[in-house]
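26 is the number of the first residue of the sequence shown in our numbering; add one for each residue after it. Here is the structure we will look at, set down as structure tokens.
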Amino acid sequence: MTKPRLVVIGGGLGGHKIAHALQSAMETVLIDPKSFWEIPMAMPRQLVRPAELDSIVAFQRFLPKVRHIQARAVAVTPELVRVDGGEDVRFDYLVVATGANYRSALVKPLEGDAASRIEYYRSLNAQVTAAGRILIVGAGPIGVEIAGELSEEFPEKIVTLMEREGRLLPHASEKLSSWAAEALAKRGVNLVVGDELLSPVAPGSDVDTAGGEAVTGAGRRIAYDLALWCLGARSDATFLAQNFPDAVNDRGEVIVNACLQAAGAQNVFALGDATNFPAKGGVPLHGQVKVMQRNLLEIARVGPAARLLPFKPPPALDLAVISLGRNAGVMKLPFGEFRAGWMARAFKSRDMLVGHLRKDIGV
Ligand SMILES: Cc1cc2nc3c(=O)[nH]c(=O)nc-3n(C[C@H](O)[C@H](O)[C@H](O)COP(=O)(O)OP(=O)(O)OC[C@H]3O[C@@H](n4cnc5c(N)ncnc54)[C@H](O)[C@@H]3O)c2cc1C
């Protein structure tokens, strides 16, 4: 009996797990312009210690039965995915796991192979090491974690963390935000909140290694040798829109039902940051992956009549562990909010979840 063909677009935090779990049960194809999966949580540590964490894993190491097409999906019809090299890839079932787009290759790699990504970190680390004054624009979790790593590893550097909203971590509770601000200020990080960067304009890469002077709305002038923009991202699943106009909203997100099927397309599934599910990030994604793995395995077993289970969001979705270097952090856990260093280390800061996430795929 021929196996149904599953095409997964995007091999990030969600997509790599779907391809890994389904590779024996279905003929599985993964489309991603990179040839590796990178554990995103490790990026802030990679910036200061590029060789310490093994967070970059080539797809071929854990997806031996998967055909990887190193390209970007540009259009989807009811049976085919078209990629930017022009190839049309037929599918019986499709998973859209394209996440959210950041402009910055630092925050999220856009293409290439594992060796070039490791080289990217080495080279950026050399520039970070040489820079005396570093400006971070955006104090969401990523900007705050980078400030934590830089201030711990290089206490002599002048690090400035800038946020347009009135506080760090604007989407976290006030308690977590004030704890993070206190910890960073104690290490000498200059915190500029409620002020907007007027110039320079972010370069296309969101990493400025040329240096210059930043000017803010409140008239501050901040000289820097290196600046990193850590701004928000948005989904971009518009490649679905031409043939599935009801499946994509005006934010570029895939509209999914409880079984994670795209609106109007029963054999097209989506998960993670690419969807219109309001909570984004690793916590909701974990539950979505489990449900989708189970549903696709059931389809592989009994065919299209398989009874699909719905994704039931866990009660607390705003859980977060924000690391501030290897021995500190602030966190919201199911049983309360904490800032004990040993807890941050145990939950994340020691290896930024690399061991835990690699174990899931047996590497
Ligand atoms: C630096 C960083 C740190 C983070 N830290 C945390 C954390 O500590 N805790 C937490 O919960 N969340 C964290 N997040 C958020 C978390 O990583 C995301 O919520 C998660 O990765 C979303 O998973 P995903 O599978 O939906 O998309 P992603 O992991 O973003 O994967 C998307 C994949 O799709 C590919 N792709 C995109 N467009 C196309 C296309 N057109 N064709 C083919 N392939 C395409 C990309 O190359 C990528 O491999 C962090 C994110 C970043 C960037």
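Every residue gets a Cβ at the ideal spot worked out from N, C-alpha and C, and that includes glycine.
Beta bridge pairing from DSSP links E278 with no other residue. Between A98 and F264, the gap from beta carbon to beta carbon is short of 7 Å. When DSSP states are grouped into helix, strand and coil, Y127 belongs to the coil group.
Around the beta-carbon of P180, fewer than 16 other beta-carbon atoms lie within 10 Å, marking it exposed. DSSP links I34 through a beta bridge to I56, V121. Per DSSP, the continuous beta strand (DSSP E) segment holding L253 begins and ends at 251-254. Shortest gap from the CB of K42 to any heavy atom of ligand 1: 6 Å or more.
For S176, the secondary structure class from DSSP, reduced to helix, strand or coil, is helix. Assignment of G242 by DSSP, reduced to helix, strand and coil, places it in the coil class. DSSP lists I183 as the beta-bridge partner residues of R158. C-alpha of P75 to C-alpha of A155: approximately 15 Å in a straight line. Our two residues, V91 and G37, have alpha carbons roughly 15 Å apart in a direct line. One alpha carbon belongs to E178, the other to R147, and they sit about 15 Å apart. Listed in chain order, the non-local C-beta contacts of E188 below 6 Å within the same chain comprise A164, V218, local neighbours out to five positions each way being set aside. With three or more CB-CB distances shorter than 8 Å, the stretch 349-357 counts as touching the stretch 191-206. Look at L344: its beta carbon is at least 6 Å from all of the heavy atoms in ligand 1. Within 10 angstroms of the beta-carbon of W254 lie 16 or more other beta-carbons, which makes it buried.
Residue range 113-115 is occupied by the beta strand (DSSP E) that includes D113.
According to the DSSP assignment, F294 belongs to the beta strand (DSSP E) that extends over 290-295.
Taking C-beta separations shorter than 6 Å and ignoring five residues to either side along the sequence, Y145 has no partners in its chain.
Taking all protein chains shown into account, R351 has 16 or more neighbouring C-beta atoms within 10 Å of its C-beta and is therefore buried.
For V346, the number of other beta carbons within 10 angstroms of its own is at least 16, and it is reported as buried.
In the three-state reduction of the DSSP assignment, E190 falls in the coil class, being assigned neither a helical nor a strand state.
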